[in-house]
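Undergrad: When the letters of the sequence shown are read in order and numbered with my numbering, they come out as residues 22 to 378.
Ideal Cβ positions, reconstructed from N, Cα and C, are used throughout, including at glycine.
Model, not experiment: these values are computed from the prediction.
Below is a structure I'd like to ask you about.
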Amino acid sequence: MAEFHDLKVEDIYKETSDTSVVTFNIPEELKQEFSFRQGQHLTLKADIDGEDVRRSYSLCSGPNDGKWQVAVKEIPGGKFSTFINQSVTVGDIMEVMAPSGHFGIEVNPEASKNYLFFAAGSGITPILSMIKAHLSVEPNSTCKLFYVNKTAKSIIFKEVLEQLRNTYFGRLEIYYFLTKERRDIELFNGRFDDEKMEILTKTFIDIPDTNDVFLCGPEQMINFVSDYLVNAGLPKELIHYELFVTGLSEEDIKRAERLSKQNLEGTEVVIVDGGKEFLFTMTKEYNNILDAALGAGADLPFACKGGVCSTCKCEVKEGQVEMMINYALDDKEVSQNLVLSCQAVPTTDKVVVDFDV
Ligand code: FES
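Written as structure tokens, this is what we have:
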């Protein structure tokens with residue numbers, strides 16, 4: 022089972038007025054376990070006012086940088102992000118889980134690809150790691166970044182991006198879009214819309230020559246840009262995305278409501294974890310396997326409890342479950358009977374789920 026490790030905060034600095042970049046010191050013996058692929062995230066855990074709070078943050082350092090860095094933007098009212106931005110200092114010990122997640126593709130020194138990246142706000146964090154990885158390992162590949170922020174001052178990693186543009190001269194193009202400040206060139210004012218996408222796909226983006234597209238930001242942006250690119254002729258399988266701020270579709274809301282009302286009292290659940298079995302019967306206070314198992318005393322991995330991070334995933338070995346929300350598992354994983362236990366509602370009287378996956 023994935024476990025938390027105590028790691029020292031080696032450095033913390035403000036990248037913008039509301040975003041801190043935290044660097045963790047990884048001891049020699051954990052370096053192997055903490056090796057990562059660009060696009061993966063770390064799950065952090067802290068006791069905040071007596072509450073066990075966990076959040077996942079994408080690594081913004083590149084896999085070859087020899088650094089483990091995450092950028093955390095303070096969200097008003099956000100417990101964990103406020104804690105990081107206001108309370109954490111150099112030398113603090115934090116509990117951190119080894120990198121996980123499957124956003125990002127293999128890098129290949131022989132590749133000669135053209136990548137497109139679309140990011141909004143703190144959605145830049147996994148994208149920055151990807152740009153670094155592809156540019157440093159694939160000398161014949163190029164990257165184009167389309168990056169939306171509110172104001173010039175709020176652009177996270179502007180300096181780092183500019184340095185990369187200089188270092189990899191001619192292989193990284195960056196286009197900044199601002200939503201709360203106006204600039205002379207109308208194209209760069211505001212969010213992506215039909216008009217902008219039309220200009221971008223005519224002038225800056227060569228669809229037949231594009232190999233992979235990565236998007237990270239709010240769901241609305243991801244859906245809009247992906248649909249536009251697919252309609253413009255880009256094969257859907259070349260589009261990879263990670264939602265940063267989730268919004269629910271009508272269908273999600275209806276399904277989640279229907280499932281959350283189900284009375285699961287009496288459902289038998291067997292958890293397999295670390296090769297051992299843990300059996301319990303669900304009571305009516307719980308509407309998902311993870312919460313019911315934690316309530317019954319099991320020690321299972323989880324982070325977001327929102328269907329986003331996949332830390333809580335398990336395999337259904339017997340019986341059936343339905344997920345309320347699933348932003349983390351792709352179709353292939355779902356067809357392999359993988360589910361997010363924090364979203365899993367049993368639909369048979371007995372289920373057996375295996376966390377050793
Ligand atoms: S805890 Fe994040 S998807 Fe379940």
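#1: May I ask which residues mark the beginning and end of the beta strand (DSSP E) holding Gly238?
#2: Exposed or buried, Asn308, counting other C-beta atoms within 10 Å across all chains shown (16 or more means buried)?
#3: When the Cα of Asn358 is compared with those of Met344, Asp205 and Phe190, which residue comes out closest?
#4: Among the candidates Glu95, Gly60 and Gly71, whose CA atom is the shortest distance from the CA of Asn85?
#5: Examine the ligand FES and report whether any of its heavy atoms sits within less than 7 angstroms of the Cβ of Phe124.
#6: Pairs of beta-carbons, one from the segment 128-139 and one from the segment 67-80, closer than 8 angstroms: are there three or more?
#7: Within 10 Å of its beta-carbon, does Ala238 have 16 or more other beta-carbons around it, so buried, or fewer, so exposed?
#8: Tell me whether Tyr196 is buried or exposed, calling it buried when 16 or more other Cβ atoms sit within 10 Å of its Cβ.
#9: Compare the beta carbon distance of Thr37 and Ser150 with 8 angstroms and say whether it is the shorter of the two.
#10: What alpha helix (DSSP H) runs, 4 residues minimum, are completely inside the segment 252-315?
#11: In the DSSP assignment, find the alpha helix (DSSP H) that holds Gln90 and state where it starts and stops.
#12: If you reduce the DSSP assignment to three classes, tell me which class Leu321 lands in.
#13: Which of the three DSSP states, helix, strand or coil, is assigned to His155?
#14: If you reduce the DSSP assignment to three classes, tell me which class Asp73 lands in.
#15: How many Å lie between Phe213 and Leu280 at the Cα?
#16: Which residues in the same chain have their Cβ closer than 6 angstroms to the Cβ of Lys165, if we skip the five residues on either side of it in sequence?
#17: Considering Cα atoms alone, identify which of Leu361, Pro367, Thr369 and Val366 is closest to Val378.
#18: Is it right to say Ile69 is buried, meaning 16 or more other beta carbons lie within 10 angstroms of its own, or is it exposed?
#19: With distances taken Cα to Cα, identify the nearest neighbour of Arg203 among Ile220, Thr172 and Glu180.
#20: Is DSSP giving Thr64 helix, strand or coil here?
#21: Between which residues of its own chain and Ala317 is the CB-CB distance below 7 angstroms, once the five residues before and five after are set aside?
#22: Going by C-alpha distance, which of Lys257, Leu315, Thr231 and Ile33 is nearest Ser162?
#23: Whether or not the segment 336-343 and the segment 364-378 are in contact is what I'm after, with contact meaning three or more pairs of Cβ atoms, one per stretch, closer than 8 angstroms; do they touch?
#24: Skipping 5 residues on each side, what residues in its chain have a beta carbon closer than 6 angstroms to that of Phe178?
#25: For Ile220, is the classification buried or exposed, using 16 other Cβ atoms within 10 angstroms of its Cβ as the cut-off for buried?
#26: Would you identify the three-state DSSP class for Val103, choosing helix, strand or coil?
#27: Consult DSSP for Pro229 and reduce its assignment to one of helix, strand or coil.
TA: Once the coordinates are examined:
#1: Asp233 to Gly238
#2: buried
#3: Comparing Cα-Cα distances from Asn358 to each of Met344, Asp205 and Phe190, the minimum goes to Met344.
#4: Gly60
#5: No - the ligand FES has no heavy atom lying nearer than 7 angstroms to the Cβ of Phe124.
#6: No, the segment 128-139 does not touch the segment 67-80.
#7: Going by the sequence as given, residue 238 is Gly instead of Ala. Buried, since its Cβ has 16 or more Cβ neighbours within 10 Å.
#8: exposed
#9: no
#10: 271-281
#11: Where Gln90 is concerned, there is no enclosing alpha helix (DSSP H), although the beta strand (DSSP E) it sits in stretches over Trp89 to Lys94.
#12: Secondary structure at Leu321: coil, using DSSP grouped into helix, strand and coil.
#13: Three-state DSSP puts His155 in a helix.
#14: Strand.
#15: When rounded, the distance between both Cα atoms is 35 angstroms.
#16: Closer than 6 angstroms at the Cβ level, and outside the excluded window around Lys165, lie Leu137 and Glu194.
#17: Leu361
#18: exposed
#19: Thr172
#20: strand
#21: Excluding sequence neighbours, Ala317 sits near Phe301.
#22: Nearest C-alpha to Ser162: Thr231.
#23: yes
#24: Ile145 and Leu149
#25: By the Cβ neighbour-count rule, Ile220 is exposed, with fewer than 16 other Cβ atoms within 10 Å of its own.
#26: Residue 103 is actually Thr in this sequence, not Val. Thr103 falls in the helix class under three-state DSSP.
#27: helix
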